[in-house]
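This note's numbering puts the first residue of the sequence shown at 21, with every later residue one more than the last.
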Amino acid sequence: MTDVGQPLSVADVLVSEEVRRIRRDRWSGVLALTQEGAAKGIYFLDGDIAFAASTLEEDRLGANLVRVGRITAAEFKAAMAVAQAPGQQFGQALIAAGVLSPVELAAAVTGQVERIVFSVLRWTSGRLQRRGMDRALPADLLLDLSTPRLLLLGARVFPDPERLAEALGGPSATLRRVGRAVFDYEGLPASPPERAVLAVCARETTLGELLRLPHPRPQLLRAAYALVAGGMVDGPGGEIQQPRPAGTDSRTSPASPAVEGGGSVSELPPEGGVAPTVRETSADPDTGEHQARELLERGQRDQAVKVLTTLVEQHPRAVGGRRLLAMTLAQDGGFD
Numbered sequence: 021m022t023d024v025g026q027p028l029s030v031a032d033v034l035v036s037e038e039v040r041r042i043r044r045d046r047w048s049g050v051l052a053l054t055q056e057g058a059a060k061g062i063y064f065l066d067g068d069i070a071f072a073a074s075t076l077e078e079d080r081l082g083a084n085l086v087r088v089g090r091i092t093a094a095e096f097k098a099a100m101a102v103a104q105a106p107g108q109q110f111g112q113a114l115i116a117a118g119v120l121s122p123v124e125l126a127a128a129v130t131g132q133v134e135r136i137v138f139s140v141l142r143w144t145s146g147r148l149q150r151r152g153m154d155r156a157l158p159a160d161l162l163l164d165l166s167t168p169r170l171l172l173l174g175a176r177v178f179p180d181p182e183r184l185a186e187a188l189g190g191p192s193a194t195l196r197r198v199g200r201a202v203f204d205y206e207g208l209p210a211s212p213p214e215r216a217v218l219a220v221c222a223r224e225t226t227l228g229e230l231l232r233l234p235h236p237r238p239q240l241l242r243a244a245y246a247l248v249a250g251g252m253v254d255g256p257g258g259e260i261q262q263p264r265p266a267g268t269d270s271r272t273s274p275a276s277p278a279v280e281g282g283g284s285v286s287e288l289p290p291e292g293g294v295a296p297t298v299r300e301t302s303a304d305p306d307t308g309e310h311q312a313r314e315l316l317e318r319g320q321r322d323q324a325v326k327v328l329t330t331l332v333e334q335h336p337r338a339v340g341g342r343r344l345l346a347m348t349l350a351q352d353g354g355f356d
């Protein structure tokens, strides 16, 4: 990997703010983070989080599966032994042994990656730096994660709310609710302060006005920043001026193997009803991608591929549709 940015102190720069800048830049690469001997990395594709890795034992897939009782220590050791052979992967070894199904592995890997992302979003010390990748992430290792959703959830538990106030721009900063959410916000439980902030932001307001609501100041600051970072409210560095492509409201992904082993993050490879006919792809790429996701959820994979192929041909710059097509095809053996 090659350094493409200056090392920055997490004491001076919020990890969430750097992630938001990466999202606005639509940058691809690795955000490398270090703290007291721990090294973690968040992998980005076109500005969206696609994967994460860590050198900490507690962050590894196998350790988590054993800790929650999903696999036994003996099953873990057996899968690790298989994964030592060239071309073998830990997650696929669990599937081959019948310990996990592909769907269960995908859910476990997604949960593991989200835990790593949430952990660094809470950091108030350490270092971060953007790094380029020598080669692109394989398509079958990409996770379809919602970056705004992860930012919102991470802000809810950030330990220093006054730093969030600074990031929001102070009491005079203006905020207003966006017209369209970039992920399924209604599917998340919201705290009373968050609901109150969202209600007031139906009209343009200021952070100072929000902080006069009858809720504790730390809770209001977390709520306001979470809603801005999650794209629900337009504020400093908000999402309204730069709409994102669709594809950020699903947590499904192809089964991905996970790394079990040591080394720095720079050295770690990423872990791992029936419609009778396909409707003509909408002129709106967002609608076309939504149609494809519905087909995939119903198990109509071939029809979804046809929709996505047409979408990509008609809208070559539709990043969300292109990614979804790549991840769908990547489940076929031999697809490059």
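Idealized CB from N, CA, C, for every residue including glycine.
On the DSSP letters alone, give me the boundaries of the beta strand (DSSP E) that residue 194 sits inside.
Within the sequence shown, residue 194 is the residue found at index 174, counting from 1. Segment 194 to 197, the beta strand (DSSP E) holding residue 194.
Going by the DSSP bridge assignment, what does residue 254 pair with across the sheet?
By 1-based counting over the sequence shown, the position of residue 254 is 234. DSSP lists 196 as partners of residue 254.
Can you grab the Cα-Cα spacing for the pair residue 164 / residue 127, in whole Å?
The count along the sequence shown starts at 1 and reaches residue 164 at position 144. The count along the sequence shown starts at 1 and reaches residue 127 at position 107. Approximately 11 angstroms between the Cα atoms of the pair.
Just to confirm my understanding: we take residue 235, look at its own chain, exclude 5 residues before and 5 after, and list those with CB closer than 6 angstroms. What are they?
Taking the sequence shown and counting its residues from 1, the one referred to as residue 235 is at position 215. The residues are 213.
Thinking just about the alpha-carbon of each residue, which of 250, 207 and 57 is nearest to the one in residue 145?
On the sequence shown, position 125 is the one that residue 145 refers to. It is 57 whose Cα lies nearest to the Cα of residue 145.
Write down every uninterrupted run of the beta strand (DSSP E) in the stretch 67 to 109 whose length is 3 residues or greater and which is fully enclosed by it, in chain order.
68 to 74
Classify residue 101 as buried or exposed, calling it buried when 16 or more other Cβ atoms lie within 10 Å of its own Cβ.
Translated into positions along the sequence shown, residue 101 becomes position 81. Answer is exposed; the Cβ neighbour count stays below 16.
Contacting residues, own chain, Cβ-Cβ under 6 angstroms from residue 365 (five flanking each side not counted)
What the structure shows of the chain is the stretch from 21 to 356, and residue 365 is not part of that stretch, so it cannot be assessed.
Which value, in whole angstroms, describes the spacing of the CA atoms of residue 152 and residue 69?
Here residue 152 corresponds to residue number 132 of the sequence shown, with the count starting at 1. Here residue 69 corresponds to residue number 49 of the sequence shown, with the count starting at 1. The straight-line gap from Cα to Cα measures roughly 14 angstroms.
For residue 360, which beta-bridge partners are listed by DSSP?
Since the first and last residues shown for the chain are 21 and 356, residue 360 lies out of range.
For residue 129 and residue 111, I'd like the C-alpha separation in whole angstroms.
Taking the first residue of the sequence shown as 1, we reach residue 129 at position 109. Taking the first residue of the sequence shown as 1, we reach residue 111 at position 91. Roughly 9 angstroms separates the two Cα atoms.
Under a three-way DSSP split, which group does residue 58 fall into?
Mapped onto the sequence shown, residue 58 falls at position 38. Strand.
When the Cα atoms are used, what is the spatial distance from residue 113 to residue 331?
Within the sequence shown, the letter at position 93 stands for residue 113. Within the sequence shown, the letter at position 311 stands for residue 331. Approximately 35 angstroms between the Cα atoms of the pair.
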